[in-house]
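Visitor: Sharing a structure, written as structure tokens. Questions coming.
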Amino acid sequence: MKKAYQSHLSLKQPQSTVFMAKVHGCTITAYSSGKVLFQGGSHEEEARKWGNSLPSAKKSTSSPKGSTKLPLNFSSLSVMGSDEVGTGDYFGPMTVVSAYVSTQNMPLVKELGVQDSKNLKDPQIIKIAQDLLHVIPYSLLILPNPKYNELQKNGMTQGKMKAVLHNKALLNLLKKMNPEKPEAILIDQFAEKNVYYRHLQGQKDVCKENVYFSTKGESVHLAVAAASILARYAFLKEWDKLSEKAGFTIPKGAGAAVDKAGARLIRSKGEQALWEFTKVHFANTGKAKKLV
Ligand code: MG
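For the sequence shown, the numbering used here begins at 1383 and goes up steadily by one.
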């Protein structure tokens, strides 16, 4: 906190305090006991930046980003989970998967090595996914770049695209599994719940029953971990195809290597090739053009 108030520190430092700072309309006093006091007209506003113990800030106290509290035994329930991949990659499509892991299937799914994909390297993900595909019900949706670019150009945000695809993947899987039903649905949270449903206004069918949201969903339930692995696998396959088409291995992410690859693509195939290979609204497009 002291760091954050660095430029507002008061020269006065009363006894047993760590610092005292003054910002417009508020004095902040931090005691060595760990207690922090906010005083003045804007005390509420200032304090809210740090915590949520004030009654008026209640909305954000229960759980982050307005997610609903999960049932206690959640990780052992039969759950349908969903996750997406490719949203931050300049090259390659966005992929969304919903996957169902029943309580009964859990030992097998674990045995195959399913866990948080952030701890897994791509070759491991491919190996696990190839087994997993045959073991659990899932639904995969791929949004190719030309379609992505068209939607984006027409004003659709990436958040809305994600919401629409998650919803569609969940509905597809529910249909596929019918009459079996999951005990709960967990979406790896990318937007606040209300925002998610606002994105889905106007959709014919919205999956709402027993739907929960959680950030880091992969560590909350195996179903999201499985969905994440399958989505990554699908992304890697598409990325392979694109590399082949490009004639060179395209880099992942959205860094400097990507700008160079974009430039290389423009030189060999012309600027219009970006429409097929990339998410053209990313800043990488401008940088690639500059390089050319
Ligand atoms: Mg996710």
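Just so it is clear, CB atoms sit at the ideal spot from N, CA and C, and this is done for glycine as well.
Just so we're clear, the structure is a prediction, and the values are computed from it rather than from any experiment.
(1) Would you tell me roughly how many angstroms separate the C-alpha atoms of Glu1427 and Ser1414, rounded to the nearest one?
(2) Would you say the beta carbon of Asp1471 comes nearer than 8 Å to a heavy atom of the ligand MG?
(3) What are the residues that DSSP puts in a beta bridge with Gly1738?
(4) Less than 9 Å separating the beta-carbons of Asn1527 and Gly1584?
(5) Buried or exposed, going by whether 16 or more other CB atoms sit within 10 Å of the CB of Trp1432?
(6) For Asp1465, verify whether its CB is less than 8 Å away from any heavy atom of the ligand MG.
(7) How would you write the range of the beta strand (DSSP E) that Phe1595 sits in, first residue to last?
(8) Figure out for me which residue from Lys1669, Lys1651 and Asp1465 has the closest Cα to the Cα of Asp1641.
(9) Which same chain residues, not among the five before or five after Val1467, have their C-beta less than 6 Å away from its C-beta?
(10) Residue ranges of each alpha helix (DSSP H) run of no fewer than 4 residues wholly in the stretch 1590-1632, ordered along the chain?
(11) Counting C-beta neighbours from all protein chains within 10 Å, is the total for Lys1661 16 or more, i.e. buried, or is it exposed?
(12) Comparing C-alpha positions only, which one of Gly1495, Gly1541, His1603 and Glu1532 sits nearest to Leu1459?
(13) Within the present structure, is the beta-carbon of Gly1599 separated from the nearest heavy atom of the ligand MG by less than 8 Å?
(14) Identify the continuous beta strand (DSSP E) that holds Met1402 and give its terminal residues.
(15) Taking 9 Å as the cut-off, decide whether the C-beta atoms of Asn1531 and Asp1587 are in contact.
(16) Taking contact to mean at least 3 C-beta pairs separated by less than 8 Å, is the stretch 1639-1656 in contact with the stretch 1485-1505?
(17) Take Gln1534 and list the residues in its own chain whose beta-carbon comes closer than 7 Å to its own, dropping the five residues that flank it on each side.
(18) So for Phe1659, helix, strand or coil by DSSP?
(19) Out of Ser1389, Ser1480 and Thr1411, which has the shortest C-alpha to C-alpha gap to Ile1567?
(20) What does DSSP give as the partner residue(s) for Leu1522 in the beta ladder?
(21) To the nearest angstrom, how far is the alpha carbon of Cys1589 from that of Lys1558?
(22) Let me know if Ala1551 comes out buried or exposed under the rule of 16 or more other beta-carbons within 10 Å of its beta-carbon.
(23) Would you mind sorting Gln1654 into buried or exposed? The rule is 16 or more other CB atoms within 10 Å of its CB.
(24) Which residue or residues does DSSP assign as beta-bridge partners of Thr1411?
(25) CA-CA distance, Pro1453 and Met1462?
(26) On the CB-based measure, 16 or more other CB atoms within 10 Å of its CB, does Val1606 come out buried or exposed?
(27) DSSP on Leu1494, reduced to helix/strand/coil?
(28) Does DSSP put Phe1456 in a helix, in a strand, or in coil?
Guide: Let me lay it out:
(1) Here the alpha carbon of Glu1427 sits roughly 23 Å from the alpha carbon of Ser1414.
(2) In terms of side-chain proximity, the C-beta atom of Asp1471 is found no nearer than 8 Å to any non-hydrogen atom of the ligand MG.
(3) In this structure the chain extends from 1383 to 1674, so residue 1738 is not present and cannot be described.
(4) Not closer than 9 Å, so no.
(5) Exposed is the call here.
(6) In this structure, the C-beta of Asp1465 approaches the ligand MG to less than 8 Å from one of its heavy atoms.
(7) Residue range Val1593 to Ser1596 is occupied by the beta strand (DSSP E) that includes Phe1595.
(8) Taking only the C-alpha atoms, the option nearest Asp1641 is Lys1669.
(9) Contacts found: Thr1477, Ala1613, Arg1614 and Phe1617.
(10) With a minimum length of 4 residues, the continuous alpha helix (DSSP H) runs that stay inside the stretch 1590-1632 are 1604-1628.
(11) Lys1661 counts as buried, since no fewer than 16 other beta carbons sit within 10 angstroms of its beta carbon.
(12) Checking every option, the nearest Cα to that of Leu1459 belongs to His1603.
(13) Checking the Cβ of Gly1599 against the ligand MG gives yes.
(14) The continuous beta strand (DSSP E) containing Met1402 extends over residues Thr1399 to Val1405.
(15) In this structure, Asp1587 does not lie closer than 9 Å to Asn1531 by Cβ.
(16) Three or more beta-carbon pairs separated by less than 8 Å are not found between the stretch 1639-1656 and the stretch 1485-1505, which leaves the two stretches without contact.
(17) Apart from sequence neighbours up to five positions away, the residues of its chain that approach Gln1534 with a beta-carbon distance below 7 Å are His1663, ordered along the chain.
(18) In the three-state scheme derived from DSSP, where H, G and I count as helix and E and B as strand, Phe1659 is classed as helix.
(19) Out of Ser1389, Ser1480 and Thr1411, Ser1480 has the C-alpha closest to the C-alpha of Ile1567.
(20) Beta-bridge pairing links Leu1522 to Val1479.
(21) In this model, Cys1589 and Lys1558 are separated by some 14 Å (Cα to Cα).
(22) By the neighbour-count criterion, in which 16 or more other beta carbons inside 10 Å mark a residue as buried, Ala1551 falls on the buried side.
(23) Classification of Gln1654: exposed, given that the 10 Å Cβ count is below 16.
(24) Beta-bridge pairing by DSSP links Thr1411 to Met1402 and Leu1419.
(25) Each residue's alpha carbon lies about 15 Å from the other.
(26) That one is buried.
(27) DSSP places Leu1494 in coil when its eight states are reduced to three.
(28) Correct three-state label for Phe1456: helix.
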